[in-house]
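Just so we're aligned: the sequence shown equals residues 31 to 262 in the numbering used here.
For each residue, glycine too, the CB sits at the ideal point set by N, CA and C.
Worksheet: the structure to be examined is printed underneath.
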Amino acid sequence: MVIGRLTFALKNEGIDVNHKRVQRIMQLNHLQVTAYGKKKRRYNSYRGQIGKIANNHLKRRFDAQKPYQKLVTDVSEFRYGKADINHRVYLSPILDLYSREVLDYEISSHPTVKLTLNPVQRLVKRLPQTQTQPILHSDQGFQYQTPIWQKTLKDNSISQSMSRKGNCLDNAAMESFFHIMKAEVMTTHYQTKPELVDAMKKWIHYYNNDRIKLKLGGKSPVQYRKLTTHFN
Numbered sequence: 031m032v033i034g035r036l037t038f039a040l041k042n043e044g045i046d047v048n049h050k051r052v053q054r055i056m057q058l059n060h061l062q063v064t065a066y067g068k069k070k071r072r073y074n075s076y077r078g079q080i081g082k083i084a085n086n087h088l089k090r091r092f093d094a095q096k097p098y099q100k101l102v103t104d105v106s107e108f109r110y111g112k113a114d115i116n117h118r119v120y121l122s123p124i125l126d127l128y129s130r131e132v133l134d135y136e137i138s139s140h141p142t143v144k145l146t147l148n149p150v151q152r153l154v155k156r157l158p159q160t161q162t163q164p165i166l167h168s169d170q171g172f173q174y175q176t177p178i179w180q181k182t183l184k185d186n187s188i189s190q191s192m193s194r195k196g197n198c199l200d201n202a203a204m205e206s207f208f209h210i211m212k213a214e215v216m217t218t219h220y221q222t223k224p225e226l227v228d229a230m231k232k233w234i235h236y237y238n239n240d241r242i243k244l245k246l247g248g249k250s251p252v253q254y255r256k257l258t259t260h261f262n
């Protein structure tokens, strides 16, 4: 995957080269990709059934034919501070499955309902009027079961979808995004919250605008959306 992305990136810069040569050059220069492999317990927002559980309308169909048709969200934690004291910030993004673009996000010191709701409230102001009702998929975290969260979706004609209990593969696209982000952001230990938050914001901007994806024909999410649709 990395070799393919590097090959596309070089071609986008006008350097015509095949993937075998890229791989050979990397091997000669001892350039290797280090996978993110920290085995710390992941954040789990499930608190039991405290509200209405929505049906799984997404059903692992992670491909979309147009923007704003299928959206996914979740919460993940990122750690900073001294080695013996790990403080945390929490990220709640909304990902469009058409282009894998991060449409909006929030970062906070606490995994509150507000953390997950703020990106939705901003996004609905920009959602275009379409004949297709958007789907917003999440896990069964307590934030997504609250009346205010569900009312916000209903009032804006968004169909709520939830993964089955304890089934992270039902939201695999979001899990994949978090894995990639942590592999590329958490390559260093951040001492302060501002350092970490700044790195997270810069990476999300890079991911949307510059980080190419093979599934998008070697384009970044924003490039792909602009090339294939009228949504600019």
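- Buried is the label assigned to Ile242, since at least 16 other Cβ atoms lie within 10 Å of its Cβ.
- Considering only Thr182, Lys96, Met204, the residue with the shortest C-alpha distance to Phe261 is Lys96.
- In this structure Ala113 is exposed. Its beta-carbon is surrounded by fewer than 16 other beta-carbon atoms within 10 angstroms.
- Arg90 is positioned such that its CB atom lies no closer than 8 angstroms to that of Ala213.
- For Gly78, the number of other beta carbons within 10 angstroms of its own is below 16, and it is reported as exposed.
- Lys100 has Ile165 as its beta-bridge partners, per DSSP.
- Within the model, the alpha-carbon separation for Tyr76 versus Val252 is close to 32 angstroms.
- Distance check between Asp169 and each of Glu136, Leu246, Gln99, Ile124 places Ile124 closest, using alpha-carbon atoms only.
- Beta-bridge annotation (DSSP): Glu131 is paired with Asp126.
- A straight line joining the alpha-carbon of Phe108 with that of Arg72 spans about 10 angstroms.
- Arg72 carries a coil assignment under DSSP once its states are collapsed to helix, strand and coil.
- For Arg152, the uninterrupted alpha helix (DSSP H) segment begins and ends at 143-154.
- Beta-bridge pairing by DSSP links Tyr120 to Glu107, Ser138.
- In the three-state reduction of the DSSP assignment, Met204 falls in the helix class.
- Note on Ser139: under 16 other CB atoms within 10 angstroms of its CB, so exposed under the neighbour-count rule.
- Contact between Ile188 and Pro224 does not hold, since their C-beta atoms are separated by about 33 angstroms, which reaches or exceeds 8 angstroms.
- Taking 8 angstroms as the cut-off, the beta carbon of Gln190 is found no closer than this to the beta carbon of Val143.
- Secondary structure at Met211: helix, using DSSP grouped into helix, strand and coil.
- In the three-state DSSP reduction, Met216 falls in the coil class, being neither helix nor strand.
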